[in-house]
Each structure stands twice: as C-alpha cells, then as structure tokens.
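K.L.:
For the sequence shown, the working numbering begins at 93 and goes up steadily by one. If you scroll down you'll find the structure; I have some questions about it.
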Amino acid sequence: METYIPKYGLKLNLDHKYLENWPQPCISRWKHFLTLLPVLFRYLLAYISSKIFGHCIVMDCMQIVRSKRIYGVPIGGIGCTIGRGFRGEFCRYQLKPGNCKYSTVEANEFIVTIKDSSSVTIFQSTLSTYRRSNKILSSWKQRLDASKCKYTGLYPRAWTEYDLSDYGIKLICRQVSPVIPHNYKDSSLPCAVFIWNIENISNEERKVTIAFTFKNGMSDLTSKSTPCSTQSFSYLDSSGVTLRNYIEKMPCTYALAAKLKDNMNVSKCLYFNPTSDGAEPWNQLYDDGNFSDLTKTETDEVYDEVGCGIAVQVKVAPGAVEEPEMCLVWDMPIVSFPEGVTKYNKFYTKYFGVEKAALKIVNHALRNYKDWELAIYKWQEPVLNDAELPDWYKAALFNETYFISDGGTVWFTLGEEESERLPVTDPRQKYGRFGYLEGHEYRMYNTYDVHFYASFALAMNWPNLQKSMQYDFKDYVFLEDHHRQRMWYDGKFAQRKIKNSVPHDSGDSNGDPFVLINVYPVHDVSEWKDLNSKFVLQALRDYKLTMKFEDGSFGKQYLEDMYKACHVVMQKSMTFDTDHDGLIENSGFPDQTYDAWIMTGSSAYCGGLWLAALYAMVVIARELNKNEDENMYAGILEKAKTAFEDKLWNGKFYNFDCSKLASSVMADQLCGHWYLRCSGFEYEVFPKSNVESALNTIFENNVMRYKNGTSGAVNGYIFEKEIDTTALQSEEVWTGVTYSLASCMIYENLNSKAWKTIGGMVNLLTNRIGLAFETPEALGFKHYRSVGYMRPLSIWAVQLAWESQRKNSALKPTFPIEDMVEKPA
C-alpha cells in the first residue's frame, strides 16, 4: 500500500536548524518598566506569597518559557495531549490538567533494527535525531543520517520519512490523532496511531523490527512515592503492554499495542530500567530483533522508574511493502485540580467507562483510524485543493488548530447533580464541559476576551463545544462572589465577581476552576468595557453559524437561553456611558483585552464593539419577537452611531480614543465591524467607505511601514510617522489580531492585502524563528511573548471570510490540481 504525503504542511529535514533565535523578555523599554514598576512590585509580593504558601501563581513572569524550537504535531485528541518534536522527541506533556510539562523523555522512543537474509543485523538506531543527554540510556545509538530524513506536519497528522536505502529499506511513519470536526466521541480520545510503511528496495529479504518503548510519569525524574506496574495483554486483534502509574496522584494507564497480523511477530518488554545505560533492551533487539526474555512478574509494583516496550518484527520480501500498526493510549479517566474538591470524569469515559478503558480504546483506535484519516482528508481537502489559496496558508490553517487539543485543554462530562439541574436542551448535557488555557504560561481557563477571537476554531469545527462554553458563561453572568482580592495594577481591592457581568475567565488550572472563576489578578474586570459586548456578539455569531454548520437543532432555543444574560450585561454596560450620548467610554486605565494599553473616553476598539453589540441585540430581539427591546436598542444604536462618527472618525481612520493618542492607527479598530461581517451582516452599523479607508490606512501604516510588511500588523502606529511606543502592547504584533484583521480585509475584497498582512508573519513564525506549534501571543522587534497562546486560533475567521467571499462571488478553482493533494489511503 502506498503512503501519500501531502504537499502542504510544516516541511523540515530532521537536521534542520532555524536561523534566528529570539528571546522572550518581559519589558523592552525603560519607560514601560518605570510605568509598570508599581505593578511589578505588587506582582513580586504576590509571587513571594504564593511560594511561601505553596501555591502556583496564575501568570509566572519569573520563569517565562523560552521556545525550544523543536515542536511538531502533538498526539492525542481534545482534552489531553503529548507533544512530539519534529526530530522524533516525545516532549511537552499535558496530562496533569491545565499544566504543560516541558520535558523530553528519552526512554520514550522508537527503534529500528534491520537484518539481512541471513538474520545478521546490518543496522540499528533510534528513530530520532535530537541531541540526547547520554546521561541515561547511553547504549541507545542515533545512527540516522538526519539530512536524508524528512518531516511533514499537517495537524492532526504527521509523516516522517527515513531514508535507509543504504540498508535496502525506506521507512515512513504516519502519525494519526483523532481530532475530527463534528465528531465528539473520537475527538476526545487520549490516543495516537503510528503506521509504519516499510518498503524493501533491495534484492533480498529483510527482517525489520520496529520497537516502541515508554516509561512511567512525564519526565526522566518522576515521583517515587507512588507505585507502578506493567502487564502483558492480548485483546481481540491487538497485543501489547500496559503500564499503570500515577500522574500527580491521579491514576493513569499507558498502553502500547500493535495490531496482530499473520506475517508479523509481536514481542514485549515488561521491564527495563530507564535510568540505566539501556544495554539490555538494546542488545536484545540487536541480537534477536525482538524482546525475547525481558520479562518481570506482572503483578509486581515498583516504586521507581519503570520502562516497558513492544516490538514488531516483519519479513519484507524484495520490492514488497509491509505496514505494522502501533497504538499509544494514556487512559487517565478521573482527574482533579490542586485546590479543588471536585473530581471530574474525562469526556471519553461517557463511551468507554472509567474502569479499564485503555484496551477498549486500543481496539477502537486500531479498528477505526482509517475512518479517522478519511474524515480528516475530507475536512482538509477543500482547502488543500483550492488553487486560489496561498500554499503557506493551507499549512498554517490546520497547524494553528493544534491549540484546540494542546492548549492545556480539558473536556469533562457533567456530574450527576449538575446534570439533574440543567434542562435537557442544554448542550452541556450531551457534550460536557470544555476548557482551554489562555496560554501555556497564562494558566486561566477560557479567558473570554481572548476566546472571542479564538472561538472561530470551535464554532466552525466543534460548534457544540463553543455552545457548551457559552452556556457556562451565561450562568457565570448571574453569579456573585464577594471575596475581595488586591489588584496588581492599582493595589485596590476588588470584588472577585459582581452580578450581571461577564467574567474574565473560568478559573485557575492550579486552583478550583469552573467553581472559583475570575482569577485574573491584574485589573478589576467588572469595569472592563469589552467583555459584555463580546458575550452578546458571540451569542449572535454562534446562532448564525449553527444554522450554517449544524442541523439547527437548538435553533431559537439557543437565543432564548442566552437572551436574559445578554440583556443584563448590556444594561450593565450602559452605565459606562458617562455623557449619555449612547456610546460607552473607557476609564483611563487598561480596561479591555489590551491590558497594558490605556484607552480614555470613547475609543475605536471598545466603542466599535459596543455599536456591534447594540446591533446584535436589535437582531436577537427581532428574532425573538421582543419588539419593545428591539426598539429600545435600535434607538440607542442610532444615537451611539452618531457619537462614534463625530468623536472618532477623522476622514481616514477611527481615532484610537479621545486622548492625545488619537493619531495612533490601531490595527484592531474595526473589531466590531469584523464580528458583524463574520455573522453575515454588512454595513448596517459602520459605513462602507469608512471601513475601506480605515483598512487601507491600517495596511499602509501598521503592516507596510512595520518591517516592510514582513512581520504582521503592529498594534499601534502613529499615522505616517512611527510605531506607537506608548505602551508595551502598542508596539507589539498580536498574532491573533493580525489573523482577524486579514479576515476583515477579505470580507472587504482586499485579498492581496490580507495575504500580505499574514503571509510575512506566518513565514517569520514557521521558517525563521521556529515557533510552529507554540505560536505566541505577541511578536516584538526581536522578541516574542507568551508561547502557546489561544488567540491565533482566529485564523479560522480568515477561512470563514474566504468561504463567504467564494460563496457570494461563486468563484471556483480554474483547473484541477489532483497532484497537489493527498489521496486517502
């Protein structure tokens, strides 16, 4: 069977080295440092306090993560992942809920052994090329010519080509994870399948062994306070080893398995010491091509490091191809959080149970992975086969989607008590509770102001997870928490959650998330001017996209369920209209998602979102036949539109705000208009001529005047002069905002400018500085900030805009390009 490797994706040789190595500084200018000095002082006090009392601070700015520039496509479905490097590493474990363990485990490895027709070993090597420490497993040799080996990553699959033609073999590993749009059962599974395409290009028979080894824990130095044990199994048409251990006191079973085939021999290693030189398993494979006598009493429990493995040996005739199939499962069905009392069941337990699910998942994966691949192919084919789209974009769209599963993601079933409380129409009943972090370093679940941008990835591919989250926030609106905490920004005490407002987040992954919400400690978010508008806009957007992408089963029920929350948060936001002109005002502190960039008075960003939210309320009220409310919001909207144009429009673009920063061109000034376009509306709120002028001004200033258009759109640019250095964030490029800006440009038929806007940024991230699969929040002049961030998922808004444009103009590819896309196996 021939293995097709797509033309598109992250394409690297295994000896690839990125030319630029940027750091991640906290503050780049002295004036920013001096401005933020009081904040830093209060942060330091909070940091010291957290260390004294043994807590983890929600944003650890003292130990920021510097990119390792090693990552490829992670493995696993939505809710628990293990990272993999493009050189073959097993790295960046996210098994403890909401926490990323940046470690490469050297015992987790694939090994190839090739024997000739006389059963003499002619080649043996690990199938990775990263630099090993040699402190452990020193007998395991890396003998690959990395310059002859190639990697292709197109999430959620990856292909590694090993040129072993000097030994008569060409080898391809195909890595498949079940991340499948609109498939909620399989997309929740903690597993990956590895299919090995072994081609004999010699004139004589070859015996080829692929071994797969794994150890307990998530690093090379794991806790010795909990037991682990291994056991051999044969289950239906698979065979392998289970390794039972604990991750932060939560039971986890690893299962390594291979599919049984008549011409293949599966052998097992039930124990080796992963802190030793590894000579025993290595020599066994070299001598025999299998694990023939590495056994240990299966019921033994060991309070130490434990490694195990499986090996598949197959005879490959000259000119023939064989395909061993292997599977890795990590069954961790029940989890909890450090400061919480609730235990949560992973969503996949709904289908596979909480007891001994590992082998059931192994069987399901090995029997269904071809269907997964076909579904993934059908999902990606329209994009990959679209001759009008840039090649680099096709790879970026799917590879940026990695964060859905690899963003510290959790996905739970509802508890019995909560399920009884909710109506049957509530999507959480069927699809559970979903959460992902703002970023690998900013450990807050479902940060709402950022999710506003990222949510397109869910809304277009797993819309019921988006709805589940929206229902959580609908309930949060009415919650009240009188606990008071000191804000880092001004040192004042603020109530954690006030009633009738949208919270910032669903809680801290090191605390008690989904119970103790709103843990963001920098500002009083009850005074933020964007959160309430963003809730209303997402409600309308979800409704519109649901009718397009799903069966419409929720229909107007969804709007009915959202309406009360939408209405009360809009009433709360009306209190921000201090001069009673219909337009809300900012308060002179960073009271929105740009939380280090001050807006004063009416602003293009928050004012534009407010106008869009008012229009959304008009539409929603009309859909629900709430005529009185419709008329009320329509009246406020007309008044606010006049104020917005009078206060902020300067003939070319919308002023940043009503302060001396008015001349700053903000890249995100049309955020409200963009969201309405994504919801199917056009110029009901913002004049078309103004939109076109503003976008052209942004392109000329924020894109082309910033590094000559090679690095995305800088957040602020003083009109035709220089970068706006007023604040730390004004001189950054926000990757997710650049994607949303490009989406808005496409809606306005500025396609070439859209591709220029994001093309340079994508090239910078993936080709120059090596931040694929850990896309940061922000890029500076020669630095980045906050790796592994949520907002870049807004690239799916680019795809939504493109599909809308193609639908409206009825454009189609002008010629077939069958040779450019992968065909399903």
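Here a beta-carbon is modelled for each residue, glycine too, at the ideal position from N, C-alpha and C.
Please confirm whether residue 874 and residue 251 have their CB atoms less than 8 Å apart.
P.N.:
Within the sequence shown, residue 874 is the residue found at index 782, counting from 1. Within the sequence shown, residue 251 is the residue found at index 159, counting from 1. No, they are not a contact pair.
K.L.:
Classify residue 707 as helix, strand or coil using the three-state DSSP reduction.
P.N.:
On the sequence shown, position 615 is the one that residue 707 refers to. Looking at residue 707 - three-state DSSP - the assignment turns out to be helix.
K.L.:
Report buried or exposed for residue 702, applying the criterion of at least 16 other Cβ atoms within 10 angstroms of its Cβ.
P.N.:
As a position in the sequence shown, residue 702 is number 610, starting the count at 1. Flag for residue 702 reads buried.
K.L.:
When we look at the beta-carbon of residue 616 and count the other beta-carbons within 10 Å, is it buried (16 or more) or exposed?
P.N.:
As a position in the sequence shown, residue 616 is number 524, starting the count at 1. Buried is the call here.
K.L.:
Take every Cβ of the stretch 416-424, pair it with every Cβ of the stretch 278-297, and state whether three or more of those distances are shorter than 8 Å.
P.N.:
The answer is yes - the stretch 278-297 touches the stretch 416-424, with three or more Cβ pairs under 8 Å.
K.L.:
Take residue 838 as the anchor and find which of 819, 888 and 426 has the nearest alpha-carbon.
P.N.:
On the sequence shown, residue 838 is found 746 positions in, with the first residue counted as 1. For residue 838, the nearest C-alpha among the options comes from 888.
K.L.:
So, with DSSP's three-state summary, where would you put residue 474?
P.N.:
Here residue 474 refers to the residue found at position 382 when the sequence shown is read from its first residue. Here residue 474 sits in helix by DSSP.
K.L.:
On a CA-only basis, which of 492, 304, 872 and 169 is nearest residue 820? Give me that one, please.
P.N.:
For the purposes of this step, residue 820 is taken as residue 728 along the sequence shown, with counting starting at 1. It is 872.
K.L.:
Alpha carbon to alpha carbon, what distance is there between residue 722 and residue 37?
P.N.:
This structure cannot settle anything about residue 37, because the visible part of the chain is limited to 93 through 917.
K.L.:
Residue range of the alpha helix (DSSP H) that residue 488 falls in?
P.N.:
Mapped onto the sequence shown, residue 488 falls at position 396. Segment 483-491, the alpha helix (DSSP H) holding residue 488.
K.L.:
Apart from the five residues on each side of it in sequence, which residues of its chain come closer than 8 Å, Cβ to Cβ, to residue 612?
P.N.:
Start at 1 with the first residue of the sequence shown, and residue 612 comes out as number 520. Excluding sequence neighbours, residue 612 sits near 150, 536, 539, 596 and 597.
K.L.:
Determine, for residue 695, whether the minimum Cβ-Cβ distance to residues of chain D falls below 8 Å.
P.N.:
In the structure shown, chain D cannot be found, because there is only a single protein chain.
K.L.:
Would you tell me roughly how many angstroms separate the C-alpha atoms of residue 814 and residue 792, rounded to the nearest one?
P.N.:
In the sequence shown, the residue the question calls residue 814 occupies position 722. In the sequence shown, the residue the question calls residue 792 occupies position 700. Each residue's Cα considered, the two are about 12 Å apart.
K.L.:
May I ask you to report which of helix, strand or coil DSSP gives residue 918?
P.N.:
This structure does not reach residue 918, given that the chain is present from 93 up to 917, and the question cannot be answered.
K.L.:
If you draw a straight line from the alpha carbon of residue 104 to that of residue 137, how long is it in whole angstroms?
P.N.:
Within the sequence shown, the letter at position 12 stands for residue 104. Within the sequence shown, the letter at position 45 stands for residue 137. Rounded to the nearest angstrom, the two C-alpha atoms are 45 Å apart.
K.L.:
Could you check where the alpha helix (DSSP H) with residue 412 kicks off and where it finishes?
P.N.:
Within the sequence shown, numbered from 1, the residue matching residue 412 stands at position 320. Taken as a continuous stretch (DSSP letters only), residue 412 belongs to no alpha helix (DSSP H), as it is neither H nor E.
K.L.:
Three-state secondary structure (DSSP) at residue 563?
P.N.:
For this step, residue 563 is matched to residue 471 along the sequence shown. Looking at residue 563 - three-state DSSP - the assignment turns out to be helix.
K.L.:
Which of helix, strand or coil does DSSP assign to residue 796?
P.N.:
Residue numbering aside, residue 796 sits at position 704 when the sequence shown is read from its first letter. Coil.
K.L.:
Select from 309, 429 and 352 the residue whose C-alpha is nearest the C-alpha of residue 325.
P.N.:
Counting from 1 along the sequence shown, the entry for residue 325 is found at position 233. Measuring from the Cα of residue 325, the nearest candidate turns out to be 352.
K.L.:
Excluding the 5 residues flanking residue 482 on each side, which residues of the same chain have their C-beta closer than 7 Å to its C-beta?
P.N.:
Taking the sequence shown and counting its residues from 1, one reaches residue 482 at position 390. Result list for residue 482: 847 and 851, in chain order.
K.L.:
I'd like the span of the alpha helix (DSSP H) that includes residue 292, first residue to last.
P.N.:
One-based indexing of the sequence shown puts residue 292 at position 200. Counting along the chain, residue 292 falls outside any alpha helix (DSSP H), though it belongs to the beta strand (DSSP E) covering 283-292.
K.L.:
Taking the alpha carbon of residue 772 as the point to measure from, which residue in 893, 732, 224 and 863 has its own alpha carbon closest?
P.N.:
Translated into positions along the sequence shown, residue 772 becomes position 680. Among 893, 732, 224 and 863, the Cα nearest to that of residue 772 belongs to 893.
K.L.:
In the DSSP assignment, find the alpha helix (DSSP H) that holds residue 140 and state where it starts and stops.
P.N.:
On the sequence shown, residue 140 is found 48 positions in, with the first residue counted as 1. From DSSP, the alpha helix (DSSP H) with residue 140 extends over 129-144.
K.L.:
Using a threshold of 8 Å, state whether the C-beta atoms of residue 622 and residue 186 are closer than that.
P.N.:
The sequence position of residue 622 within the sequence shown is 530, counting from 1. The sequence position of residue 186 within the sequence shown is 94, counting from 1. Cβ atoms of residue 622 and residue 186: not closer than 8 Å.
K.L.:
If you draw a straight line from the alpha carbon of residue 810 to that of residue 578, how long is it in whole angstroms?
P.N.:
Here the question's residue 810 lines up with position 718 in the sequence shown. Here the question's residue 578 lines up with position 486 in the sequence shown. Distance between the alpha carbons of residue 810 and residue 578 is about 35 Å.
K.L.:
In the DSSP assignment, the beta strand (DSSP E) including residue 186 goes from what residue to what residue?
P.N.:
Position 94 of the sequence shown, counting from 1, holds the residue named residue 186. Taken as a continuous stretch (DSSP letters only), the beta strand (DSSP E) holding residue 186 covers 182-186.
K.L.:
I need the straight-line Cα distance from residue 900 to residue 273, nearest angstrom please.
P.N.:
What you label residue 900 is simply residue 808 of the sequence shown in a count that begins at 1. What you label residue 273 is simply residue 181 of the sequence shown in a count that begins at 1. Distance between the alpha carbons of residue 900 and residue 273 is about 24 Å.
K.L.:
At 3 residues or longer, what runs of the beta strand (DSSP E) sit wholly inside the stretch 293-374?
P.N.:
Qualifying beta strand (DSSP E) stretches, in chain order: 298-307, 321-327, 330-339, 342-351 and 356-364.
K.L.:
Taking all protein chains shown into account, do 16 or more other C-beta atoms lie within 10 angstroms of the C-beta of residue 643, making it buried, or fewer, making it exposed?
P.N.:
The residue given as residue 643 occupies position 551 in the sequence shown. Low confidence applies to residue 643: its pLDDT is 48, below 50, so where it sits in the model is not reliable, and the reading given next is rough at best. Exposed.
K.L.:
Can you name the start and end residues of the alpha helix (DSSP H) that residue 738 belongs to?
P.N.:
Position 646 of the sequence shown, counted from the first residue, corresponds to residue 738. Unbroken alpha helix (DSSP H) run through residue 738: 719-740.
K.L.:
With DSSP as the reference, please indicate the residues paired to residue 438 in a beta bridge.
P.N.:
Translated into positions along the sequence shown, residue 438 becomes position 346. Answer is 504, bridged to residue 438.
K.L.:
Near residue 860, what residues of its chain come up, given a Cβ to Cβ distance below 6 Å and the 5 sequence neighbours on each side ignored?
P.N.:
Residue mapping note: residue 860 aligns to position 768 of the sequence shown, counting from 1. Here the set comprises 112.
K.L.:
Would you mind stating whether residue 778 and residue 494 have Cβ atoms separated by less than 8 Å?
P.N.:
Within the sequence shown, numbered from 1, the residue matching residue 778 stands at position 686. Within the sequence shown, numbered from 1, the residue matching residue 494 stands at position 402. No, the pair does not count as a contact, with Cβ atoms beyond the cut-off.
K.L.:
For residue 958, which residues in the same chain have their Cβ closer than 8 Å to its Cβ, ignoring the five residues on either side in sequence?
P.N.:
For the chain, the structure presents residues 93 to 917; residue 958 sits outside this window and is missing.
K.L.:
Can you check whether the CB of residue 520 is closer than 8 Å to the CB of residue 563?
P.N.:
Start at 1 with the first residue of the sequence shown, and residue 563 comes out as number 471. Start at 1 with the first residue of the sequence shown, and residue 520 comes out as number 428. Yes, Cβ-Cβ distance for residue 563 and residue 520 is below 8 Å.
K.L.:
Say whether the stretch 408-415 touches the stretch 436-444, bearing in mind that this needs 3 or more beta-carbon pairs closer than 8 Å, one atom from each stretch.
P.N.:
Counting Cβ pairs under 8 Å, fewer than three are found: no touch.
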